[in-house]
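See structure below.
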Amino acid sequence: MDQLTADQLAALAREDKGPLTKSIVIAFTVLSYMAVSLRLFARMRYIGLQLGWEDYTIVVSLATATVASVFQVLQADAGNGKHAIFIEFPEGFRPILKYLFWSIIFYNISLTFTKMSILFQYSRIFTVRKMRIPLHIVMAMCIAWGVTTVIIAVYTCEPIPAKEGEPKQSSCVEGPIIWFINAAINILTDLLVAFLPVKVIWNLQIAKRPKIALIIILTIGWFVCVVSILRLHALAILVANLRDTTYYSAPVAYWSSIEMNLAIVCASLPALKPLMVKILPGFSSRGGSNSYGLGTDGLGKSKSMTHGIRSTARRAGADDIELGSSSHVVRPDKSSDDDILGKNIYVSRHFEQHYDDSSRVSDSESQKDLVVRH
Numbered sequence: 001m002d003q004l005t006a007d008q009l010a011a012l013a014r015e016d017k018g019p020l021t022k023s024i025v026i027a028f029t030v031l032s033y034m035a036v037s038l039r040l041f042a043r044m045r046y047i048g049l050q051l052g053w054e055d056y057t058i059v060v061s062l063a064t065a066t067v068a069s070v071f072q073v074l075q076a077d078a079g080n081g082k083h084a085i086f087i088e089f090p091e092g093f094r095p096i097l098k099y100l101f102w103s104i105i106f107y108n109i110s111l112t113f114t115k116m117s118i119l120f121q122y123s124r125i126f127t128v129r130k131m132r133i134p135l136h137i138v139m140a141m142c143i144a145w146g147v148t149t150v151i152i153a154v155y156t157c158e159p160i161p162a163k164e165g166e167p168k169q170s171s172c173v174e175g176p177i178i179w180f181i182n183a184a185i186n187i188l189t190d191l192l193v194a195f196l197p198v199k200v201i202w203n204l205q206i207a208k209r210p211k212i213a214l215i216i217i218l219t220i221g222w223f224v225c226v227v228s229i230l231r232l233h234a235l236a237i238l239v240a241n242l243r244d245t246t247y248y249s250a251p252v253a254y255w256s257s258i259e260m261n262l263a264i265v266c267a268s269l270p271a272l273k274p275l276m277v278k279i280l281p282g283f284s285s286r287g288g289s290n291s292y293g294l295g296t297d298g299l300g301k302s303k304s305m306t307h308g309i310r311s312t313a314r315r316a317g318a319d320d321i322e323l324g325s326s327s328h329v330v331r332p333d334k335s336s337d338d339d340i341l342g343k344n345i346y347v348s349r350h351f352e353q354h355y356d357d358s359s360r361v362s363d364s365e366s367q368k369d370l371v372v373r374h
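Letter by letter, the sequence shown follows residues 1 to 374 of full-length UniProt numbering.
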C-alpha cells in the first residue's frame, strides 16, 4: 500500500460503500415497517381477529431489526465502507467495532423472532396432530440457536468490544469460523422453517395447482435463504480481504439488513391477502377456482361464501386459510374416523355444498365453525 501513487490513493478514497450501505439499510427498514403495519391493519380491520403470538413476535422482530439498522447506519457514518488505510488506527476503528458489536446482537435477535412468528402462524393454521411434534422441535431449535448466537456475539472477544472498543490487545475466538458456522446454521433453520408445512400440504387431497399455490404462499420464506447465501458469499469475500475489513465488510452489513428486513416482509405477506382483495377485487380467485384450508373442525353442514386468503376464527382457536368461493369437506387419504379432526380440507367447487352429520353438530353451529363472517 505504501507504493501507491497519489492518483491511486485518490481513486481509492472515492471508493466508499458507506452511502450505499445506508441507502439499502434505510430502504429495507422502511419496507419492513410498511409490511408489518399493513399486516396488523389487515388482521384487525378485515379479519377482525385479535392479535396473536405471531403478531407480537413479528413486532418484536421489527423493533430489534430497527435497532440493528440504526447501528449499521452509525457504523457507516463512522467510516465503515471506506478503505482501511483512510481510517485512523486505532481511534477510528473503536466506534466501528462498537456499532458492529451491537448490530450483530440485534440482527440475531430479529431473525430468531421472525422465525418464531412464522412458526406461530403455522401453529394456528395447521392443527394436524402429526404437524405438532415437528413444529415444536423446530421452535426449540430456533430458540436454542437464537440464544446461542447472542451469547457467541457477546463473548467472542475478551474484553467485550462494546466496553473497550479496542481493535488490539484482545483475545478472540477465530472470527471467520464463527461467521461461517453462524451463517450456515441460519440458512439451515431458514430452510427448516420454510419447508416445514410442505409435506402436510402435499398430502392434501386437492388438485395440484391450488396445492402448489398454497405451498408458495406459506413457504415464501425460502426466498430469504437466497439472500442468506448471498450474505455468505459476501462473508467469504471479507475473509479473503481481512487487511481491508472496513471496505469489504460493508456488503456484509447491507446483505444482513436485506436478510433481516426481507424475512419480516415475507413473514407478513400471507396476512396481506385480505387487504389486497379489498383493494383489488380481481386479485381474488372467483368462478371455479379452488379454495382450501386446514382446521380442527369441519363435520356438519357448510354453507359459505369466502374470498381471498384469510384467517377465520374457529371454535378450537385455530385459523383457516381459504381461497375462492365456497367450501365443502374433503378427507385426506388414509384417515380413519378417529383421525378426521384436524385433517379436514375445505375445497371450493360450487356456490353451496351440504354435508350433514346431525349426530355431531347442529346446522347453525356447523356453519359458524366453518366460517366466521367478517
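Glycine is no exception: its CB is placed at the ideal position from the N, C-alpha and C atoms. On a predicted model such as this, the values are computed, not experimentally measured, just so you know.
Per DSSP, Cys-266 has no beta bridge partner at all. The beta carbons of Ala-27 and Leu-272 sit no closer together than 8 Å.
Boundaries of the alpha helix (DSSP H) harbouring Asp-190: 175-195, taken from the DSSP string. At least 8 Å separates the beta-carbon of Gly-52 from that of Ala-250. With fewer than 16 other Cβ atoms from the protein chains shown falling within 10 Å of its own Cβ, Tyr-155 counts as exposed.
Val-227 sits away from Ile-185, with the two beta carbons spaced by 8 Å or more. By a beta-carbon distance limit of 8 Å, Ser-123 does not contact Ala-267. Their separation comes to about 14 Å.
When only Cα atoms are considered, Arg-94 and Val-67 end up about 19 Å apart. Around the beta carbon of Asn-182, a 10 Å sphere encloses 16 or more other beta carbons of the protein chains shown; the residue is thus reported as buried.
For Lys-17, the three-state secondary structure derived from DSSP is coil. Sorting Ala-253, Asn-261, Asn-80 by C-alpha distance to the C-alpha of Phe-223 places Asn-261 at the top.
Annotated three-state conformation of Asn-108 is helix, per DSSP. Taking one beta carbon from each stretch, the region 194-212 and the region 142-149 have fewer than 3 pairs nearer than 8 Å; the two do not touch. Here DSSP, grouped into helix, strand and coil, assigns Asn-80 to strand.
The three-state secondary structure of Thr-127, taken from DSSP, is coil.
In this structure, the CA atom of Gln-8 is about 26 Å from the CA atom of Tyr-254. Nearest in C-alpha terms to Ala-65, of all of Ile-87, Leu-31, Pro-176, is Leu-31. Nearest neighbour of Leu-275 by Cα position, chosen from Lys-82, Ala-10, Glu-15, Val-36, turns out to be Val-36. Ala-207 sits in coil when the DSSP states are folded into three classes, being neither helix nor strand. When C-alpha distances from Lys-22 are compared across Ala-11, Gly-81, Arg-14, the shortest belongs to Gly-81. DSSP places Leu-51 in the coil class of the three-state scheme, outside both helix and strand. With distances taken between CA atoms, Phe-113 lies nearest to Val-265 out of Ile-279, Lys-278, Val-265. In the structure shown, Pro-274 falls within a helical segment according to DSSP collapsed to helix, strand and coil. The residues Ala-84, Leu-238, in chain order, have a CB closer than 8 Å to that of Thr-245 in the same chain once the five nearest residues on each side in sequence are set aside.
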